[in-house]
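See structure below.
In my numbering, the protein residues as written are 22 to 86.
Take a look at the structure:
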């Protein structure tokens, strides 16, 4: 079962990412050690897409590395 958008956002924020805002339902998260921002789109209660989960995992791995 896919995670919810709110769970991805919480995981990013727990790893030090900051929400820099966006247009509509898009949110851009930045981190000092990650080159590109992570964009999460959708409402908080929506199911996360597979590519969104992979992007979050890759960004967190880059922030740790």
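Ideal Cβ placement from N, Cα and C applies to all residues, glycine included.
Just so you know, these numbers come straight off a predicted model, no measurement behind them.
Of all alpha-carbon atoms in 79, 83 and 48, the one lying nearest the alpha-carbon of residue 63 is that of 48. Here residue 56 carries a coil assignment [DSSP, helix/strand/coil].
Here residue 48 is bridged, per DSSP, to 61. Restricting attention to 27, 44, 65 and 77, the CA atom closest to the CA of residue 57 is found in 77. Taking 8 Å as the upper bound for CB-CB distance, residue 31 and residue 59 are not in contact here, some 13 Å apart.
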